[in-house]
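As structure tokens, the structure follows; a few thoughts come after it.
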Ligand SMILES: Cc1cc2nc3c(=O)[nH]c(=O)nc-3n(C[C@H](O)[C@H](O)[C@H](O)COP(=O)(O)OP(=O)(O)OC[C@H]3O[C@@H](n4cnc5c(N)ncnc54)[C@H](O)[C@@H]3O)c2cc1C
């Protein structure tokens, strides 16, 4: 890079970073440089919805983090996939679109972030992301969509009980990511520089004012007006701590020069815990069988010519919300339904045909934390999701799992119906289900909360400024005080969009 001074630097071109970048560029308040650690998103593997299953675990496109040993799960270690490319996790995700429940935002209790405050931002981002009902869902997904007395046409909503085919950010059979909707169009302005393979190692400060960044290759880039951290709920707090902002004792013990003691940086980490049920049998869902070989062979052609067929499927085609425990007057769990044979013995691709569904807690109460274990940028932070630390989450999962099984049994899958293969008939009592959950629980890949915004001792202000220093904003999933009741991409984009509005107003 020849130029090393811009008005704004955005760290990370993920879901929020794309929105904040476009917002800053469109506000016309100066030049913007967006630095992305990963690679370009210009690849069929990113654009073809079905190919998402090949990106998880990819050395090139996934950060491939792991959790710390989860004490309530028999010390199991879980994968924490995160997109590492332009579009971030919005380029690796399943494209399911949900704002969340509107009272999620009221529940944040942060001035300026009520349901009424965030609604216009959702409407604005949706005019660009254009979520719509998945085209050509599998017949099993259509049938699942009629569960819970639903009409099969209305998309499900966390606002009430019901099932449906998901709304997705797919256009003409291709992934339409936040990079497509925000970042790429913003390049036309001439005020935007986007660089890939540009991982920020630390933020540079002068008298508690963020003045630039240093990349892992030692290159320094400076910002005249400010830096926006959009590196996601894992890397944003880690980057801050490496730069000297975090719990003083921890940073000192790692030999990091302290800029600002911020005890809450890295705390409040949480995610949606989910538990699944697998069905398998001949002629049911997508899968690898002799009978389906011709369909697989013709699928690239159908996809290339018509943008239809199985390769246009995002796999997570349908779902539901219901009230499992009935302790609240709103759904407490979300279901994802996948009309595809998912292996339950460690491999995603296995022989056979079948379908899968999982149930996850909408508003988990367990909290974990993220800590640095080394000042070295190449050493991953310790990611403790604290799964099932709160007993209510386990109780909700047990109740949700039992009702999900009932729904799967009663769904009118007709000749495509297949028996439950895992966990199967040996797991029926509450104690057995609890043990199954501890043995097999995973997450929906929605980590949030590590740089909570708020008005008390929160690290980030309601205007998304990092408290205690100048020239630094945070705009990504890390600022959510509590995870929204459904998938987190839309709320992350909304946060990026609003961050740009706040910064533009302040300038
Ligand atoms: C496999 C998977 C499936 C998912 N499915 C769905 C779904 O169907 N629907 C939904 O709503 N949500 C889904 N999510 C969650 C959703 O995608 C995320 O919540 C959302 O993308 C988070 O946005 P973000 O901007 O906070 O972070 P990200 O989108 O992860 O962006 C962070 C960006 O910063 C970059 N970066 C990190 N560190 C640095 C650094 N030091 N220097 C420079 N760049 C850096 C990263 O490479 C990345 O591009 C899924 C997530 C995953 C991983």
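Residue numbers (our numbering): 771 to 1277. No residue lacks a Cβ here, since even glycine has one placed at the ideal position from N, Cα and C. Model, not experiment: these values are computed from the prediction.
query, result
"For residue 1068, name the three-state secondary structure that DSSP assigns.", "helix"
"Would you mind sorting residue 847 into buried or exposed? The rule is 16 or more other CB atoms within 10 Å of its CB.", "exposed"
"Is any heavy atom in ligand 1 found nearer than 6 Å to the beta carbon of residue 1253?", "no"
"I'd like the list of long-range same chain contacts for residue 775, defined as Cβ closer than 6 Å, with 5 residues on each side in sequence excluded.", "992"
"For residue 942, which of 1011, 899, 886, 1264 has the nearest alpha-carbon?", "899"
"Note down the Cα distance separating residue 1167 from residue 1207, rounded to an integer number of angstroms.", "8 Å"
"Taking the alpha helix (DSSP H) that residue 1171 belongs to, which residues open and close that run?", "1161 to 1180"
"Quick one: is residue 1067 buried, meaning 16 or more other Cβ sit within 10 Å of its Cβ, or exposed?", "exposed"
"Whole angstroms are fine: how far does the CA of residue 783 sit from the CA of residue 1204?", "39 Å"
"At the level of alpha carbons, what is the spacing between residue 1150 and residue 1024?", "14 Å"
"What does DSSP give as the partner residue(s) for residue 932 in the beta ladder?", "1091"
"Ends of the alpha helix (DSSP H) at residue 777?", "First-last for residue 777: 775 to 781, but that is the beta strand (DSSP E), not the alpha helix (DSSP H)."
"CB of residue 934 to nearest heavy atom of ligand 1: below 6 Å?", "no"
"Based on DSSP bridge pairs, tell me the residues matched to residue 1152.", "1141"
"Tell me which same chain residues have a C-beta within less than 7 Å of the C-beta of residue 1092, skipping the five on either side of it?", "918, 931, 1101, 1103, 1173"
"Helix, strand or coil, according to DSSP, for residue 1124 in the structure here?", "strand"
"Output the distance between the C-alpha atoms of residue 1137 and residue 1122, rounded to the nearest integer angstrom.", "38 Å"
"Quick one: is residue 1146 buried, meaning 16 or more other Cβ sit within 10 Å of its Cβ, or exposed?", "exposed"
"Taking DSSP as the reference, what is the three-state secondary structure of residue 1027?", "coil"
"Give the DSSP-derived three-state secondary structure of residue 711 in the structure shown.", "With the chain covering only 771 through 1277, there is no way to say anything about residue 711."
"Just to confirm, are residue 952 and residue 904 a CB contact at a threshold of 7 Å?", "no"
"Is any non-hydrogen atom of ligand 1 found closer than 6 Å to the C-beta of residue 851, if you look at the structure I gave you?", "yes"
"Kindly indicate which residue of 1270, 973, 1252, 1246 has the alpha-carbon position closest to the one of residue 1259.", "1246"
"Starting from residue 1210, trace the beta strand (DSSP E) both ways and give me its first and last residue.", "Where residue 1210 is concerned, there is no enclosing beta strand (DSSP E), although the alpha helix (DSSP H) it sits in stretches over 1200 to 1210."
"Which residues mark the beginning and the end of the beta strand (DSSP E) in which residue 1004 is found?", "Where residue 1004 is concerned, there is no enclosing beta strand (DSSP E), although the alpha helix (DSSP H) it sits in stretches over 1002 to 1012."
"Quick one: what's got a C-beta closer than 6 Å to residue 1140's C-beta in the same chain, skipping five residues either side?", "1007, 1036, 1039, 1151, 1153, 1220"
"In terms of residues, what are the limits of the beta strand (DSSP E) holding residue 1046?", "1043 to 1050"
"Exposed or buried, which one is residue 1065 when buried takes at least 16 other CB atoms within 10 Å?", "exposed"
"Quick check: residue 983 and residue 1243, are their CB atoms within less than 7 Å of each other?", "no"
"Could I get the ranges of all uninterrupted alpha helix (DSSP H) runs contained in the segment 854 to 904, with 4 residues as the minimum, in chain order?", "872 to 878, 885 to 899"
"For a test of the three-state rule: what should DSSP assign to residue 804, helix, strand or coil?", "strand"
"From 831, 1236, 1214, pick the residue whose C-alpha is nearest to that of residue 862; which is it?", "831"
"Measuring straight from C-alpha to C-alpha, what distance separates residue 1070 and residue 778?", "42 Å"
"Starting from residue 991, follow the beta strand (DSSP E) in both directions and report where the run begins and ends.", "990 to 999"
"Nearest-angstrom Cα distance between residue 883 and residue 954?", "28 Å"
"Determine whether the beta carbon atoms of residue 1159 and residue 1046 lie at a separation below 7 Å.", "no"
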